[in-house]
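Chains as they are written, first to last, in my numbering: chain A, 36 to 453; chain B, 36 to 453.
Structure first, then comments.
There are 2 protein chains.
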Amino acid sequence: MTAKNAFYAQSGGVTAVINASACGVIEACRKHPDKIANVYAGRNGIIGALTEDLIDTNQESSEDIAALKHTPSGAFGSCRYKLKSLEENQREYERLIEVFKAHNIGYFFYNGGGDSADTCYKVSQLSEKMGFPVQAIHVPKTVDNDLPITDNCPGFGSVAKYIAVSSLEASFDVRSMAKTSTKVFVLEVMGRHAGWIAAAGGLIEDYGIPVVILFPEVEFDQEKFLATVKEKVEKFGYVTVVVSEGTHWPDGRFLAEQGTRDSFGHAQLGGAAPVVANMIKDALGYKFHWAVADYLQRAARHLASKADVDQAYALGEAAVELALKGHNSIMPTVVRESSSPYKWSIGEAPLSEVANVEKMMPMEYITEDGFGITDACKEYLYPLIQGEAYPPYDDNGMPKYVTLKGVAVPRKLADFEI
Amino acid sequence: MTAKNAFYAQSGGVTAVINASACGVIEACRKHPDKIANVYAGRNGIIGALTEDLIDTNQESSEDIAALKHTPSGAFGSCRYKLKSLEENQREYERLIEVFKAHNIGYFFYNGGGDSADTCYKVSQLSEKMGFPVQAIHVPKTVDNDLPITDNCPGFGSVAKYIAVSSLEASFDVRSMAKTSTKVFVLEVMGRHAGWIAAAGGLIEDYGIPVVILFPEVEFDQEKFLATVKEKVEKFGYVTVVVSEGTHWPDGRFLAEQGTRDSFGHAQLGGAAPVVANMIKDALGYKFHWAVADYLQRAARHLASKADVDQAYALGEAAVELALKGHNSIMPTVVRESSSPYKWSIGEAPLSEVANVEKMMPMEYITEDGFGITDACKEYLYPLIQGEAYPPYDDNGMPKYVTLKGVAVPRKLADFEI
């Protein structure tokens, strides 16, 4: 077997640990120079493959590749670019294969969520048909935690830890101030369709904090919500509200789109947190503070979950090992062996069963009143936030995150318009 | 000398390290049982003293007191309650002395910002006049970093570290996404009057990130701001904007108060970040994300600066040592001996020179264009964010923050209306 090259790309929203998967892929490839000569990474994701803008990772030192394990974001650049169906856009798929052929690429490692699993699946099918078979392996990544079959998705555990810890810290703050000042703290978290991230905020109940969670899975009931907030403030003196950005009214409108306009009449893209906070203020008069975590939550490598970092790396590594064993059109998965103590192993799922399937949060993870999480949910979540995996810091007190050199592979093909 | 009791209270907005000062005070007192029999803490700050709601800290185990060093928020409760001038409100000052007398309190350790320094000063004066002299020592605390004489204020260094690290992480995220998606990230930080916290965001320039800072010290110039954002995006592909909540128009209106109204016509208390983000979108069309850190930043003990924790503890300890040496009406301070390597020692300042004096950010810390920080500012800031001081975590993956028992000292006096 002559050595081929591998292609690796990052897709969609980045996370605190997607680079740990990249590290797993590249370090595993480097252990097999007889089979994999080089890993070419797509600059800005799949767009790099389409435009033949490939990064030569052999030009990166082993120290810099190792540092990916503790560096958040997508070191090679990512993109939001979904390839359409084969029928609609055969041209782009054929271009991918053409680029792979030109650069002797035999392995395609695609690191992303549901959309990229679908692309990965199609590439594996089409390359076969086109007589240049490429082994396509999907490496799971998504803070949304919505890929099927795998117990959980790399990226989620670290966001969950960040939200749980930050909610706890801010709640301690509110508790300190509640006598004469702030009584309600509202934290907005990511999750347009699924409440996995918001659910992590519910863990602080175990630490004595009165908390109300607003899930996208539960239609927003203003009256019931306000009554619950009032009850908690009267009982505990304060309350923390964790609101998912996807929380919506019964008619489907997001809370964040409440028709807010600035002084010029422009529609304002506000957040759900200020809407909820002002609603509480208007109805109950409580003093409030609110925060919107946004990118801070998914980039917070400084507070990553060790379990998450370990799994992100292991899945990248496993992708390469499985490819070298001849597997194709699959995604390595996390299999939960036990929750307490937490034990997991790596499994695999056929991409035909992963592509275009969304795993929602089970309704039995949400309490009957719709504002909290059940013990089953807690049992699921805690293992995923276990352990700390701090990055190293420099003498200034800043984390040592790596920026790669990103040297381009010389192009061989004509331009391609995307 | 017969042993007296000490009174300790937390004042104003809490921080990630105010409990480290409490720990310093209590542990130092416990080393001198012959002189200080017990530390009574005000429940919810000075209100606890006025209403004779005192917490008996001798009922707290030494483990729990030690755990204060890594627990954010105010463990005894804080309050926003400013005693008026002696002329306006002699009744409350006299009540304080009456409570101190009833509980044999000879030492008053007040942990807060400018207002509490003023109260502390007045108590020391009045107690003398009233024939029950109390040694009043102010322990500095404020994320606003605006107390005079001391080089910096406990609480600030940890917020600065959190903002610098979080800005860096989110900027890496935006950089990954900028090709096809988000090009501008806007982070709103605390600081209504002074730009110290926003300045910390400027440190990421040293780490290769294009950043624009909006300070409360600089009148907002929309045209110049938008031109700067455009220039950076065109040059780097993306930009991070760190906006202080105190950023205001030339006429003094805060950006956050831009007349935003919800669909019912209610004025919305939005943030400065969404206003800035929407302004950029309207004028330049860039896709954006924004975050509001709010309480997350000042409660983030998980990312505290070690220098900050050490100083918070040392100032609490020094307050007791100075009191036992007979000092009165003073505040222990941080004296910077050198920036590189960072060396500091403890000094002291008379409260007469601390009370009612605000230290602003020097204009030579802001770059000429008004959107960045100078080398002198960086030299000032870096030492304050040096080192990490992680809290311990439990098996669930959550930090072990302590909640004290908070047993009340039996009351001896009649009720008092505040």
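Don't be surprised by glycine CBs; every beta carbon is placed ideally from N, CA and C.
Computed from a predicted structure; not experimentally measured.
At a cut-off of 8 Å, the C-beta of residue 257 of chain B has no neighbouring C-beta in chain A.
As the crow flies, the alpha-carbon of residue 50 of chain A is around 12 Å from that of residue 180 of chain A. At least 8 Å separates the beta-carbon of residue 120 of chain A from that of residue 47 of chain A. For the pair of segments examined, the segment 102-112 of chain B was found to touch the segment 207-221 of chain A: the number of CB pairs separated by less than 8 Å reaches three. For residue 231 of chain B, the enclosing alpha helix (DSSP H) stretches over residues 231-236. Within chain A, the C-beta atoms nearer than 9 Å to that of residue 243 of chain B come from 438, in chain order.
One Cα belongs to residue 427 of chain B, the other to residue 106 of chain B, and the distance between them is close to 10 Å.
For residue 442 of chain B, the closest of B:154, B:77, B:218, B:250 by C-alpha to C-alpha distance is B:77. The beta carbon of residue 212 of chain B sits closer than 8 Å to some beta carbon of chain A. Across the structure, residue 37 of chain A and residue 183 of chain A are spaced so that their CA atoms are roughly 35 Å apart. Taking a cut-off of 8 Å for Cβ pairs, the segment 382-393 of chain A and the segment 360-369 of chain A touch, as three or more such pairs fall below it.
Exposed is the label assigned to residue 285 of chain A, since fewer than 16 other Cβ atoms lie within 10 Å of its Cβ.
Residue 98 of chain B and residue 339 of chain B have their C-alpha atoms spaced approximately 20 Å apart.
Per DSSP, residue 309 of chain B is one residue of the alpha helix (DSSP H) stretching across 307-319. Within the segment 61-88 of chain B, 79, 82 place their CB atoms closer than 7 Å to a CB of chain A, listed in sequence order. Close to chain A, meaning a Cβ-Cβ distance shorter than 8 Å, are the following residues of the segment 420-434 of chain B: 420, 421, 422, 423, 425, 428, 430, 431, 432, 433, 434. In the three-state DSSP reduction, residue 68 of chain B falls in the coil class, being neither helix nor strand.
Pairwise C-beta distances place the segment 141-148 of chain B in contact with the segment 166-178 of chain B, as three or more of them are shorter than 8 Å. Around residue 393 of chain B, the same chain offers 149, 181 as residues with beta carbons nearer than 7 Å, after the five sequence neighbours per side are excluded. Residue pairing from DSSP leaves residue 270 of chain A without any beta-bridge partner. In the same chain as residue 140 of chain A, and ignoring 5 residues on each side of it, the C-beta atoms closer than 8 Å to its own belong to 39, 40, 41, 42, 75, 134, 169, in chain order. Taking each of A:250, A:61, A:86 in turn and checking the Cα distance to residue 407 of chain A, the smallest one comes out for A:250. Selection B:156, B:101, B:71, B:95 evaluated against residue 348 of chain B yields B:101 as nearest (Cα-Cα). Residue 128 of chain A and residue 189 of chain A have their alpha carbons spaced roughly 27 Å apart. A direct Cα-Cα distance of roughly 7 Å separates residue 356 of chain A from residue 63 of chain A.
Taking a C-beta distance under 8 Å as the contact criterion, residue 328 of chain A and residue 223 of chain A qualify as a contact pair.
The secondary-structure analysis by DSSP pairs residue 289 of chain B across a beta bridge with B:283. Exclusion of the five residues before and after residue 261 of chain B leaves 314, 315, 318, 319 as the residues of its chain whose Cβ lies within less than 8 Å of its Cβ. Minimum Cα-Cα distance from residue 162 of chain A among the listed residues A:227, A:172, A:131 corresponds to A:131. Bounds of the alpha helix (DSSP H) holding residue 351 of chain A are 341-359. The beta carbon of residue 196 of chain A falls within 8 Å of a beta carbon belonging to chain B, placing the residue at that interface.
Only residues of its own chain outside the window of five on either side were considered, and among them 399, 400, 401, 402 have a CB closer than 8 Å to the CB of residue 409 of chain B, listed in chain order. For residue 402 of chain B, the nearest beta carbon of chain A is not closer than 8 Å to its own beta carbon.
Contacts between residue 216 of chain A and chain B, judged by CB atoms closer than 8 Å, involve 114, 115 in chain order.
Listed in chain order, the beta strand (DSSP E) runs fully inside the segment 84-160 of chain A are 89-91, 140-147, counting runs of at least 3 residues. Residue 344 of chain A is positioned such that its CB atom lies closer than 8 Å to that of residue 424 of chain A.
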